[in-house]
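All remarks here apply to the structure that follows.
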Amino acid sequence: MAGLGTKLIELNRQGPAKKCERCGLSYFIRHHEKCPHCSDLSESELVELVDAKARGAKRVAFIGRKMFIAAAAVLILLVLFIRLST
Ligand SMILES: [Zn+2]
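Taking this note's numbering, the leading residue of the sequence shown gets 2, the next gets one more, and so forth.
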């Protein structure tokens with residue numbers, strides 16, 4: 002697994018990133034003149050890409066909420082266990 006320092010050096014080598022105005026995704030100007038995510042896509046394919054991105058973000062938020070609830074439940078059980086054992 003690469004450390005944080007190695008990742009920072011890699012990012013520095015890749016140069017500045019640019020956010021595409023069409024699809025909203027980022028890419029490295031050094032490697033691509035045009036956006037590699039959407040430059041070859043038609044308007045309908047672009048809508049699909051943006052929808053898929055939004056669905057992915059919703060899923061991550063859903064998983065985040067579930068993880069928060071699970072962490073809260075573990076914390077409550079831990080507090081109850083400590084209170085019962087003392
Ligand atoms: Zn794009």
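C-beta: ideal position from N, C-alpha, C; glycine also.
For residue 45, the enclosing alpha helix (DSSP H) stretches over residues 44-86. Between the beta-carbon of residue 21 and that of residue 47 there is about 10 Å, and that puts the pair past the 8 Å contact cut.
Not one heavy atom of ligand 1 falls within 8 Å of the beta-carbon of residue 60. Between residue 77 and residue 50, the alpha-carbon positions lie close to 41 Å from each other. Each of 21, 23, 24, 36, 38 and 39 has a C-beta closer than 5 Å to some heavy atom of ligand 1; these make up the full list, in chain order.
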